[in-house]
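Under my numbering, the first residue of the sequence shown carries the number 1105, and numbering increases by one thereafter.
Each residue gets a CB set at the ideal place from its N, CA and C atoms; glycine is no exception.
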Amino acid sequence: MLKEDNTFKFLIVVPTSLLYNWDREFEKFAPDIPVKIVNGIKTKRQDLIENTNKNVYITTYGLLREDLEYYEKIHYHAVILDEAQNIKNPDSIITKAIKTVNARVKFALTGTPVENNLMELWSIFDFVMPG
């Protein structure tokens, strides 16, 4: 059993339209958990990622791709993808970027795991359970 550890870091990756929704949900249901929204100009995002001591970081798929060099330096306890169908194409730049983030546990939330073919479902499972 894992002992509670306040140094654990969590990364939540969401579509842009859901960025502040996740923040509001934390405020409502878990106000004691320190959350940081990572967006804005690149220098601000870099500072937030590298120098902010928060437990939960929330960013978008596009910004994660742009800031990958900073996210790759951190080992997360868990990465959560909301609307994980955003990584349904295993050859896309976003999918490849997200799969390089280090995390002990990975979650993929989606209501649309397959739209065109089973390779889309495979791509999501390859993130959650590589190999």
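Endpoints, the alpha helix (DSSP H) within which residue i is located
i	result
Ile1198	Ile1197 to Ile1202
Thr1147	Lys1146 to Asn1155
Lys1132	Leu1123 to Phe1133
Residue from the options whose Cα sits closest to the Cα of residue i
i	options	result
Asp1171	Glu1219, Phe1133, Gly1215 and Ile1202	Ile1202
Ser1121	Ala1182, Ile1153, Ile1162 and Val1209	Ile1162
Val1209	Glu1129, Met1223 and Leu1185	Leu1185
CB of residue i within 8 Å of CB of residue j, strictly
i	j	result
Ile1198	Tyr1165	yes
Asn1159	Pro1138	yes
Leu1141	Leu1123	The displayed chain sequence assigns Ile, not Leu, to residue 1141. In this structure, Leu1123 lies closer than 8 Å to Ile1141 by Cβ.
Ala1212	Ala1182	no
Pro1234	Glu1187	no
Asn1155	Arg1149	no
Val1218	Glu1224	yes
Delimiting residues of the beta strand (DSSP E) encompassing residue i
i	result
Leu1115	Phe1114 to Val1118
Ile1162	Val1160 to Thr1164
Val1139	Val1139 to Ile1141
Just checking, does the segment 1109-1128 make contact with the segment 1175-1182 on the three C-beta pairs under 8 Å criterion?
Yes, since at least three Cβ pairs between the segment 1109-1128 and the segment 1175-1182 fall closer than 8 Å, the two stretches touch.
Check whether the segment 1180-1197 touches the segment 1215-1229, taking contact to mean three or more Cβ pairs, one atom from each stretch, closer than 8 Å.
Three or more Cβ pairs drawn from the segment 1180-1197 and the segment 1215-1229 lie within less than 8 Å of each other, which places the two stretches in contact.
4-residue-minimum alpha helix (DSSP H) runs that sit fully inside the segment 1168-1224, ordered along the chain:
1172-1175 and 1197-1202
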